[in-house]
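Please read the structure below before turning to the comments.
Residue numbers (my numbering): 1 to 207.
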């Protein structure tokens, strides 16, 4: 398949890279140098971007597109994958926790409540988005004890700071939940199945 386009992942996420590696998808990694806060603020203040879950869906898709397009302008002949994930509780959007104290407070606040992870993924070529996909996942945390919360954070360590939800579903974080309705790959940070379907359609993967 030497005539297939180069694939670039416009993300520094180790989890997203591991998902692509696990699926045996060859790619290069080139994180997008993007100030996400500007776009987030614009959409959070845009009435047309609001919905049942605030601006969460709009932000996830917009950031995925922006990352893909930014890197695509530097590598116009490649297919560039951009991805983002936003978490909402009600209409409030959350960023990754800044430290372990914030992670602990967030998990305590989310205890026993449903929240939504909004996954966005996009493909860009020549500086323009040629495909994008939005995938929500609904999760409900159980009423875990404070003792378990302390144990969880001690076991998981600062790796939780790389997750917007301060949990790693692929490891001990699974013990935080009562119910999960959504795609496993999307929850980890990359809607892999629709992405692979589009890559096959574009000839970047074997059909």
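Glycine included, each C-beta is placed from N, C-alpha and C at the ideal position.
Computed from a predicted structure; not experimentally measured.
When the Cα atoms are used, residue 116 and residue 86 turn out to be separated by approximately 8 Å.
Excluding the 5 residues flanking it on each side, residue 36 has same chain C-beta neighbours closer than 7 Å at 63, in chain order. Of 59, 188 and 133, the smallest CA-CA separation from residue 45 is found for 59. Ranked by how close their Cα comes to the Cα of residue 202, the residues 167, 130 and 119 have 130 in first place. Under the 8 Å Cβ criterion, the stretch 72–92 does not count as touching the stretch 149–156, having fewer than three qualifying pairs. Shown here for residue 136: same chain residues with a beta carbon closer than 6 Å to its own, the five before and five after excluded, namely 116 and 118 in chain order. Where residue 134 is concerned, the enclosing beta strand (DSSP E) starts and stops at 128–141. Straight across, the Cα-Cα distance linking residue 163 with residue 194 is about 22 Å. Residue 94 carries a strand assignment under DSSP once its states are collapsed to helix, strand and coil.
Within the same chain, and ignoring the five residues on either side of residue 138 in sequence, the residues whose Cβ sits closer than 7 Å to its Cβ are 114, 116, 181 and 182. In the DSSP assignment, residue 57 falls within the alpha helix (DSSP H) that extends over 56–74.
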